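2 protein chains.
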Amino acid sequence: MPKGVAKMNAQQSSLCVNGVDTAVLGKTVGAIKEDPGLGACKFRVHNTWAGSTRNSSSVLDFYGAKQEMKHTRTFVMNADEPPMLAGQDAGANPVEYLLHALASCMTTSMVAHAAVRGIRIEELSSELEGDIDLRGFLGLSAGVPKGFTNIRVTFAVKCAAEDMKKLRSLAEFSPVYSTLTSGTKVDFDIVAK
Amino acid sequence: MPKGVAKMNAQQSSLCVNGVDTAVLGKTVGAIKEDPGLGACKFRVHNTWAGSTRNSSSVLDFYGAKQEMKHTRTFVMNADEPPMLAGQDAGANPVEYLLHALASCMTTSMVAHAAVRGIRIEELSSELEGDIDLRGFLGLSAGVPKGFTNIRVTFAVKCAAEDMKKLRSLAEFSPVYSTLTSGTKVDFDIVAK
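Residue numbers (this note's numbering), protein chains in the order written: chain A, 4 to 196; chain B, 4 to 196.
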């Protein structure tokens, strides 16, 4: 475990497992059980094209617990493509951001669900690799999918041996994992500026 | 159009449309047409848990054009959750990264495919919003999906009026759009560290 994490865990109360305050999570669960409408969330980004293959998203507000909420600050995410894909490598590319979304969501889902079950995780990292055939994106072959055909994830975890087998089902709580494996509806409009 | 974009476009050759060097794209298309195996790409991230709901991905290498390739530098992406979700807001959360991946991919797909068709785009921005019901993630209701049930995207574009209606099918070339709307296979293993 990184030193900072160990220190944080040590400083926190007994309700804190894996650095997650299970009292906060428990309160959220209790409130949503009582009023299911509190579970509805809307997450948002605003994206601006910056020329060529560069663009930037900002994230500030979201909707949750029946109210408009704000992050403590605006987060900015820059995307570009490598020279091979006609870009200038000013940022990770969109499909790499998708893999990050998956890695981070499965990690947080595993850690938080482990916490509420009293499963202590000491270290956790992951390697992800996904396959895309450019013939799809470039429109060279109608039979070739445009997106990822397969994503492989390997998590390396340090925890008690008897807890290892419990982690798999906890990772599957991940909203991004669920979105990617089940697919989702994406509606889009294009309007004049 | 931002001043920098206008300047860049003005400085570039006549093969450059929307800041995209269509000669580079044309070369890629030609090479893959000749040898379809060149289209196979593998994109990767490495993620490390940093305690609580914080984790960080790094991106450096990828596989494309039948060889291992490297970005010009390592890109780092930090994720966290807002206090409402037991985090400390040290970064955008995983589902917001997913929305950014979608926004950036649809934007780049539209811009690049417009470029090779000679469609000039002057300005382009987008607003995305996606719905998630926390009851799914929290395991409170088996019937509630864990992931996004619907994502709405609105693109605002400045371009010639007669080109507006051509953009919709270009955005649909996006690999992330395709992955999200069709779903993909995600295989994962959990091994001891």
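Where is the CB? At the ideal position from N, CA and C, for every residue including glycine. These numbers come from a predicted model, not from an experiment.
Within the continuous alpha helix (DSSP H) that includes residue i, where are the two ends?
i, result
"B/Met-109", "97-119"
"B/Val-179", "178-185"
"B/Ala-174", "170-174"
Is DSSP giving residue i helix, strand or coil here?
i, result
"B/Lys-30", "helix"
"A/Asp-192", "strand"
"B/Thr-77", "strand"
"A/Glu-37", "helix"
"B/Ala-164", "helix"
"B/Thr-25", "helix"
"B/Phe-46", "strand"
"A/Phe-151", "coil"
"B/Asp-92", "coil"
List, in order along the chain, the chain B residues whose C-beta lies closer than 8 Å to that of residue i?
i, result
"A/Asp-134", "Ala-43, Cys-44, Lys-45"
"A/Arg-138", "Ile-35, Pro-39, Gly-42"
What separation, rounded to the nearest whole angstrom, lies between the Cα atoms of residue i and residue j?
i, j, result
"A/Arg-155", "B/Ile-193", "11 Å"
"A/Glu-250", "A/Met-72", "The shown model of chain A, from 4 to 196, leaves out residue 250 of chain A, and the question about it has no answer."
"A/Asn-21", "A/Val-114", "7 Å"
"A/Ala-43", "B/Gly-90", "18 Å"
"A/Ser-107", "A/Asn-58", "22 Å"
"B/His-74", "A/Gly-33", "46 Å"
"B/Gln-15", "B/Thr-51", "At B/Gln-15 the pLDDT is 47, less than 50, meaning the model places this residue with poor confidence; the figure from the coordinates comes in the next sentence. So the two alpha carbons sit approximately 40 Å from each other."
"A/His-49", "A/Leu-131", "27 Å"
"B/Cys-19", "A/Thr-56", "12 Å"
"B/Asp-134", "A/Val-79", "21 Å"
"A/Ala-9", "B/Arg-123", "Because A/Ala-9 carries a pLDDT of 45, less than 50, the predicted location of this residue cannot be relied on, and no value is offered for it."
"B/Asp-24", "B/His-116", "12 Å"
"B/Phe-158", "A/Ala-163", "49 Å"
"B/Arg-76", "B/Leu-63", "7 Å"
"A/Ser-181", "B/Gly-29", "36 Å"
"B/Lys-168", "B/Gly-94", "37 Å"
"A/Leu-170", "B/Ala-82", "20 Å"
"B/Thr-31", "A/Pro-39", "51 Å"
"A/Val-119", "A/Asp-166", "13 Å"
"B/Ser-144", "B/Phe-151", "15 Å"
"A/Thr-110", "B/Thr-184", "23 Å"
"A/Gly-121", "A/Glu-99", "33 Å"
"B/Gly-146", "A/Phe-191", "26 Å"
"A/Val-179", "B/Lys-69", "30 Å"
"A/Pro-86", "A/Leu-101", "20 Å"
"A/Tyr-66", "A/Arg-47", "9 Å"
"A/Phe-176", "A/Ala-195", "39 Å"
"B/Lys-36", "A/Asn-153", "23 Å"
"A/Asp-136", "A/Ala-104", "21 Å"
"A/Gly-186", "B/Thr-187", "7 Å"
"A/Arg-138", "A/Asn-96", "18 Å"
Could you give the first and the last residue of the continuous beta strand (DSSP E) run that contains residue i?
i, result
"A/Gly-67", "58-67"
"B/Ser-129", "124-136"
Check the Cβ-Cβ distances between residue i and every residue of chain C, and say whether any is below 8 Å.
i, result
"A/Ala-174", "This model lacks chain C altogether; the protein chains it does include are A and B."
Could you tell me which chain B residues have their CB closer than 7 Å to the CB of residue i, listed as they occur along the chain?
i, result
"A/Leu-28", "Ala-89"
"A/Leu-127", "Trp-52"
"A/Asp-166", "Those within 7 Å of A/Asp-166 in chain B number zero; the least Cβ separation is about 10 Å."
"A/Gly-22", "Gly-54, Ser-55"
"A/Val-142", "Residue 142 of chain A is actually Gly in this sequence, not Val. Phe-176, listed in chain order."
"A/Leu-18", "In chain order: nothing, as chain B lies at least about 11 Å away."
In chain A, which residues lie with their C-beta within 8 Å of the C-beta of residue i?
i, result
"B/Ile-154", "Thr-187, Lys-188, Val-189, Asp-190"
Find the residues of chain A that neighbour residue i, judging by a C-beta separation of less than 7 Å, and give them in chain order.
i, result
"B/Ala-117", "Under the 7 Å cutoff, chain A gives no residues; its nearest Cβ is about 11 Å from B/Ala-117."
"B/Ala-95", "Val-62, Phe-78, Met-80"
Report the neighbours of residue i on chain A: residues whose CB is nearer than 9 Å to its CB, in chain order.
i, result
"B/Ala-159", "Ile-193, Val-194, Ala-195, Lys-196"
Applying a beta-carbon distance threshold of less than 9 Å, which residues of chain B neighbour residue i?
i, result
"A/Leu-170", "Ile-193"
With hydrogens ignored, establish whether the beta-carbon of residue i is closer than 7 Å to any heavy atom of the ligand ZN.
i, result
"B/Leu-18", "Annotation note on the ligand ZN: not contained in the displayed structure, which lists no ligands."
With 7 Å as the C-beta to C-beta threshold (strictly closer), list the residues of the region 57-75 of chain B near chain A in chain order. Asn-58, Ser-60, Val-62, Gly-67, Ala-68, Met-72, His-74, Thr-75
Members of the region 100-115 of chain A that neighbour chain B once the beta carbon cut-off is set at 9 Å: Tyr-100, Leu-101, Leu-102, His-103, Ala-104, Leu-105, Ala-106, Ser-107, Cys-108, Met-109, Thr-110, Thr-111, Ser-112, Met-113, Val-114, Ala-115
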